[in-house]
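A.B. asks: Structure incoming, see below.
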Amino acid sequence: MFTGIIEEIGVVESIEHGDGDARLTVRGPLVVSDARPGDSIAVSGVCLTVTDLPGDGTFGADVMPESLRRTALGDLEPGSPVNLERALAVGGRYGGHVVQGHVDGVGSILRRTPGPRWDEVEIALDPELARYVAEKGSIAVSGISLTVTHVGDDSFGVSLIPTTLEATTLGRLGAGDRVNLEVDVLAKYTERLLTTAGVLR
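Written as structure tokens, this is what we have:
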């Protein structure tokens, strides 16, 4: 489990595409400082398992076909920046919200409006996901825990504070760029329970 508080911006060293899958090597000195094979690291919001630790500040991970279909990881190329977060340690600070690293879909940035010290960003999403997004609720955008400022039928807005602009990849993205979206899992569980109980149909 993750919290959506990004620890560092990593860099893709290489991505090798196979028969529907991919092999990713990412440079992230902080997140590999105590990593072991089998550990989980969220790469721009996608939970990946560490398979290799060469000892040079990088780690390797396999990306399955499902992840390539459901996320924007397939857009990556050598040199691409990525948001990195280690799995939450027991007893660690819980500064964001419940983030599983299980991406629900890909959105795209519609526009960003700079403010004096912040940016307002509008992001398009699949209408099927919009029902899980609520004003003042939480959403993970490329692994970043953000508060929703408003929501429509097929888009939502977020405000990016200076720290988010500086410490995550969202400070570098513009209109048309794709982002990974993970809606609040509590909303999905609530819908499932109410549907099973016959309250929703």
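Residue numbers (this note's numbering): -19 to 181.
A virtual CB, placed ideally from N, CA and C, is assigned to each residue, including glycine.
Short of 6 Å in beta carbon distance, which residues of its chain neighbour Tyr74, apart from the five on each side in sequence? Order them along the chain.
C.D. replies: Stepping through the sequence shown from its first residue, residue 74 is reached at position 94. Correct list, in chain order: Thr(-17).
A.B. asks: On the three-state DSSP scale, how would you describe Arg66?
C.D. replies: For the purposes of this step, residue 66 is taken as residue 86 along the sequence shown, with counting starting at 1. It is a strand residue.
A.B. asks: How many angstroms separate the CA atom of Pro96 from the CA atom of Leu145?
C.D. replies: For the purposes of this step, residue 96 is taken as residue 116 along the sequence shown, with counting starting at 1. For the purposes of this step, residue 145 is taken as residue 165 along the sequence shown, with counting starting at 1. Roughly 13 Å between the two C-alpha positions.
A.B. asks: Identify, in the order they occur along the chain, each residue of the same chain with its Cβ nearer than 6 Å to the Cβ of Ala190, setting aside the five sequence neighbours on each side.
C.D. replies: There is no way to answer for residue 190, as the model of the chain reaches only from -19 to 181.
A.B. asks: Quick check: the Cα distance between Gly18 and His(-3), rounded to an integer number of angstroms?
C.D. replies: The count along the sequence shown starts at 1 and reaches residue 18 at position 38. The count along the sequence shown starts at 1 and reaches residue -3 at position 17. Cα-Cα distance, rounded: 21 Å.
A.B. asks: So, helix, strand or coil for Ala167, using DSSP?
C.D. replies: The residue given as residue 167 occupies position 187 in the sequence shown. It is helical.
A.B. asks: Taking only runs of the alpha helix (DSSP H) that begin and end inside the region 31 to 76, which ones reach a length of at least 4 residues, in chain order?
C.D. replies: Qualifying alpha helix (DSSP H) stretches, in chain order: 45 to 50.
A.B. asks: Please confirm whether Ile(-14) and Ala155 have their CB atoms less than 7 Å apart.
C.D. replies: Counting from 1 along the sequence shown, the entry for residue -14 is found at position 6. Counting from 1 along the sequence shown, the entry for residue 155 is found at position 175. For Ile(-14) and Ala155, no; Cβs fall outside 7 Å.
A.B. asks: Using CA coordinates, which residue listed in Gly132, Asp14, Leu10 and Asn160 is at the minimum distance from Leu53?
C.D. replies: Mapped onto the sequence shown, residue 53 falls at position 73. It is Asn160.
A.B. asks: Taking only three categories from DSSP, how would you classify Pro142?
C.D. replies: The residue you call residue 142 lines up with position 162 of the sequence shown. Three-state result, Pro142: helix.
A.B. asks: Taking Asp164 and Gly117 to be in contact with their CB atoms under 8 Å, please state how far apart those CB atoms are, rounded to whole angstroms.
C.D. replies: Taking the first residue of the sequence shown as position 1, residue 164 is located at position 184. Taking the first residue of the sequence shown as position 1, residue 117 is located at position 137. The pair is a contact, with the Cβ atoms about 6 Å apart (cut-off 8 Å).
A.B. asks: For Pro58, I'd like the list of residues in its chain whose CB is within less than 8 Å of its CB, leaving aside the five on either flank, ordered along the chain.
C.D. replies: Residue 58 sits at position 78 when you count from the first residue of the sequence shown. Cβ neighbours of Pro58 beyond the five flanking positions: Val(-8), Glu(-7), Ser(-6) and Ile(-5).
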